[in-house]
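First residue of the sequence shown: 200, per the working numbering; consecutive thereafter.
Some notes on the structure that comes next.
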Amino acid sequence: MDQLVLSFAQRAARGESIPVQERLKVPAQPMPVQDPESRIHTMSEVALGYSEQEARLESLRCLGCPTAPCVAHCPVAVDIPRFIAQIQRARYREALQIITQTNALPAICGRVCPQEKQCQCACTVGIALKDPAHAVGIGRLERFVADWEREHPEAVPEQRAPCEKSEKTSGKKVAVIGSGPAGLTVAADCARAGHAVTVFEALPYPGGVLQYGIPEFRLPKQIVDAELERLRTYGVVIKTDTLIGRTFTVAELQRTFDALFIGTGAGLPQFLNIAGEDLVGVCSANEYLTRVNLMKAGRGGDTPLFYSKVVTVIGGGNVAMDAARVARRLRADVHIIYRRTRAEMPARAEEIAHAEEEGITIHFLRTPLQIIGTDHGRVSGLQLQRLRLGAADSSGRRSPVPESGQTDFFACDTVIVALGNHPNPLLARTVSALNTDSRGAIIVDQDQVTSIPFVFAGGDSVHGAATVILAMGEGRKAAAAITQRFAASP
Ligand code: FAD
Ligand code: SF4
Ligand code: SF4
Numbered sequence: 200m201d202q203l204v205l206s207f208a209q210r211a212a213r214g215e216s217i218p219v220q221e222r223l224k225v226p227a228q229p230m231p232v233q234d235p236e237s238r239i240h241t242m243s244e245v246a247l248g249y250s251e252q253e254a255r256l257e258s259l260r261c262l263g264c265p266t267a268p269c270v271a272h273c274p275v276a277v278d279i280p281r282f283i284a285q286i287q288r289a290r291y292r293e294a295l296q297i298i299t300q301t302n303a304l305p306a307i308c309g310r311v312c313p314q315e316k317q318c319q320c321a322c323t324v325g326i327a328l329k330d331p332a333h334a335v336g337i338g339r340l341e342r343f344v345a346d347w348e349r350e351h352p353e354a355v356p357e358q359r360a361p362c363e364k365s366e367k368t369s370g371k372k373v374a375v376i377g378s379g380p381a382g383l384t385v386a387a388d389c390a391r392a393g394h395a396v397t398v399f400e401a402l403p404y405p406g407g408v409l410q411y412g413i414p415e416f417r418l419p420k421q422i423v424d425a426e427l428e429r430l431r432t433y434g435v436v437i438k439t440d441t442l443i444g445r446t447f448t449v450a451e452l453q454r455t456f457d458a459l460f461i462g463t464g465a466g467l468p469q470f471l472n473i474a475g476e477d478l479v480g481v482c483s484a485n486e487y488l489t490r491v492n493l494m495k496a497g498r499g500g501d502t503p504l505f506y507s508k509v510v511t512v513i514g515g516g517n518v519a520m521d522a523a524r525v526a527r528r529l530r531a532d533v534h535i536i537y538r539r540t541r542a543e544m545p546a547r548a549e550e551i552a553h554a555e556e557e558g559i560t561i562h563f564l565r566t567p568l569q570i571i572g573t574d575h576g577r578v579s580g581l582q583l584q585r586l587r588l589g590a591a592d593s594s595g596r597r598s599p600v601p602e603s604g605q606t607d608f609f610a611c612d613t614v615i616v617a618l619g620n621h622p623n624p625l626l627a628r629t630v631s632a633l634n635t636d637s638r639g640a641i642i643v644d645q646d647q648v649t650s651i652p653f654v655f656a657g658g659d660s661v662h663g664a665a666t667v668i669l670a671m672g673e674g675r676k677a678a679a680a681i682t683q684r685f686a687a688s689p
């Protein structure tokens, strides 16, 4: 064990408090990653996770602030200083118990939460060192304890159930529609409150975007499966291949269940609406990622895949980065076309850096005017408009403005459109009493209640494409409101 960890641990054991100035000298522990040369040939995870020593060192950087500003910036209010204090004492199971009191999917959040914009952005250490990159690695530590528990079943008595299922039953039944992070969180919290929960999922595998959207090299499917297994230990029943609105109607579920939660996500991709979008070789990032992640295209799966030579991905968010990095692993030369500059890119800085390390080129201040095809109706390239930044728009970002007469031809054989998604319209269309806005997003009150009593909603189906942890935060709110209403009308 590192001398620094040893001396801190011995001093802590003697009850000695370690001065802040000393703690601030502990260097931030970088996340070990696979090197870019080898990782582009495999779908295996890029970030390798902390060793025990790295996790202990990183945990020592936490000052245990009594006001815990980091907690206020976590949508599910994980008790961050308390779980990190357990890592400092090498009590990892206890650390996980603290996290899972409010977070049903720690191994997933530790990997995919945009921590730099959530808990870590408020970290006192990052602020004291005047560098957000030096905030305590809260997500990395969360991932460490969840992985440690999975890898050390012998250390966890009573079959890995750090948050046991409730002993009491309420006699109430809850149906959850959609098994993404919003639905799974409602399911976990309702089961722990003693309600009988059934989750209905349209696809053959549960998990929502965690399963079909986020690629294996960022979130291995065995991690998603392990977290789902934990939920099953709470007594949650998951029924896949069940499309609500077709297999069963909402009215049918209302007759059997006391409350419904709609967590159907935002699976309706947006397109460019330009000439050539109907050519062979144009697809949405959703379709591309689903084929590769869920249906294992290119890896002996049950859907064909065209091995592209040159792929262009349109967009600058995390979905664009994921699609580009998947295409790179399928041996294509990959180019991202983004209409603003690097400073305005919505993708996480880490994802952009990983994409560039893997040999993906980003072309800034360009937008497609049309997609050009061959005589056989296949994509052969893009006509791109050059842009410059003008005045700021309502989002505060500077808007791109065309540079007159400045267009280029860019040769490619595949175009992946990653411009964002709107909520899934199917279910709402089958329920006339369910109020939605102009984008098809379900309208809810502050308790996630829809226009129909005892029908709740949350996650991307309510606010459009956002983040895993925001969907989970709304899931927690809905579960609490369901339990409160059951108590008020037994
Ligand atoms: P979803 O995860 O979309 O789940 C909805 C589920 O409902 C789906 O499984 C769907 O099949 C099912 N469903 C839909 N209609 C029906 C029906 N009628 N009957 C039954 N089931 C139905 N967020 C992050 O925080 N970090 C990231 O790194 C990140 N990367 C992303 C990468 C990609 C490629 C994508 C697409 C999104 C990413 N996001 C990321 C966003 C994040 O995944 C979503 O915000 C989150 O999954 C929303 O959760 P949800 O439960 O609302 O919906
Ligand atoms: Fe620890 Fe940072 Fe939270 Fe303070 S703000 S308790 S240093 S993680
Ligand atoms: Fe931070 Fe996400 Fe963990 Fe909350 S769940 S503490 S936002 S990494």
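Glycine is no exception: its CB is placed at the ideal position from the N, C-alpha and C atoms.
Being a predicted model, the structure only gives us computed values, none of them experimental.
Asked                                                                                                                                                                                : Found
Apart from the five residues on each side of it in sequence, which residues of its chain come closer than 7 Å, Cβ to Cβ, to Val630?                                                  : Val449
For the alpha helix (DSSP H) containing Phe470, list its first residue and its last residue.                                                                                         : From DSSP, Phe470 is part of no alpha helix (DSSP H); its letter is neither H nor E.
Would you mind working out which of Lys372, Ile279, Gly572 sits nearest Gln300, comparing C-alpha positions?                                                                         : Ile279
Helix or strand or just coil, what does DSSP make of Met671?                                                                                                                         : helix
Nearer than 8 Å: is that true of the beta carbon of Pro268 relative to any heavy atom of ligand 2?                                                                                   : yes
Please say whether Val335 and Arg260 have beta carbons closer to each other than 9 Å?                                                                                                : yes
Could you compute how far the alpha carbon of Thr432 sits from the alpha carbon of Asp636?                                                                                           : 37 Å
Determine contact between the stretch 551-571 and the stretch 248-263, defined as no fewer than three beta-carbon pairs at a distance below 8 Å.                                     : no
Measure the CB-CB distance between Tyr404 and Thr439 and report whether it falls below 9 Å.                                                                                          : yes
Please report the residue range of the alpha helix (DSSP H) in which His662 lies.                                                                                                    : 659-662
Reducing DSSP to helix, strand and coil, say where Arg694 ends up.                                                                                                                   : With the chain covering 200 to 689 only, the question about residue 694 has no answer from this structure.
Short of 7 Å in beta carbon distance, which residues of its chain neighbour Glu550, apart from the five on each side in sequence? Order them along the chain.                        : Asn517, Met520
Nearest-angstrom Cα distance between Gly406 and Gly466?                                                                                                                              : 13 Å
For Ala680, which residues of its own chain have a beta-carbon under 8 Å away from its beta-carbon, when the five flanking residues on both sides are left out?                      : Asp646, Gln647, Val648, Phe655
Can you tell me whether DSSP reads Gly325 as helix, strand or coil?                                                                                                                  : helix
Please name the residue in Gly444, Gly580, Phe609 whose C-alpha comes closest to that of Pro624.                                                                                     : Gly444
Residues in its own chain within less than 7 Å of Arg311 by CB, not counting five upstream and five downstream?                                                                      : Contrary to the premise, residue 311 reads as Val rather than Arg in this sequence. Ile413, Arg417, Leu418, Val667, listed in sequence order.
Is the beta carbon of Ser378 sitting closer than 9 Å to the one on Ala386?                                                                                                           : yes
Quick check on Thr575: buried or exposed, where buried means 16 or more other Cβ atoms within 10 Å of its Cβ?                                                                        : Before going further, note that residue 575 is His rather than Thr in the sequence given. So His575 counts as exposed.
Give me the Cα-Cα distance between Gln421 and Leu504, rounded to the nearest whole angstrom.                                                                                         : 24 Å
Residue range of the beta strand (DSSP E) that Arg342 falls in?                                                                                                                      : Note, Arg342: premise wrong, no beta strand (DSSP E); alpha helix (DSSP H) at 337-350.
Under the criterion of a Cβ to heavy atom distance below 8 Å, does Asp659 qualify as lining ligand 1?                                                                                : yes
Does at least one heavy atom of ligand 3 sit under 8 Å from the Cβ of Gly338?                                                                                                        : yes
Does the beta-carbon distance from Gly514 to Ala484 come in below 9 Å?                                                                                                               : yes
If we count the other Cβ atoms within 10 Å of its Cβ and call it buried at 16 or more, is Leu247 buried or exposed?                                                                  : exposed
Could you name the residues of the same chain whose beta carbon sits closer than 8 Å to that of Arg628, not counting the 5 residues immediately before and after it, in chain order? : Gly444
Secondary structure at Ile307, three-state DSSP: helix, strand or coil?                                                                                                              : helix
Tell me the rounded alpha-carbon separation between Val275 and Thr455.                                                                                                               : 30 Å
Using 8 Å as the cut-off, classify the Cβ of Gln300 as near or not near the heavy atoms of ligand 3, replying yes or no.                                                             : no
Check the DSSP bridge columns for Lys438 and list the partner residues they point to.                                                                                                : Phe399
Along the chain, where does the beta strand (DSSP E) containing His562 start, and where does it finish?                                                                              : 560-562
Would you call the CB atoms of Tyr487 and Ala531 closer than 9 Å?                                                                                                                    : no
Whose C-beta lies closer than 6 Å to the C-beta of Glu363 among residues of the same chain, with five residues either side of it excluded?                                           : With a pLDDT of 49 at Glu363, under the threshold of 50, the modelled position of that residue is not reliable, and the figure given next carries that caveat. Hits under 6 Å: none found.
To which residues of the same chain is Ala617 closer than 7 Å at the C-beta, ignoring the five residues directly before and after it?                                                : Ala484, Val512, Ile513, Gly514, Gly516, Val518, Ala519, Ala522
Just verifying my parser: in three-state terms, what is the DSSP assignment at Cys611?                                                                                               : coil
Rounded to the nearest angstrom, what separates Ala591 and His351 at their Cα positions?                                                                                             : 52 Å
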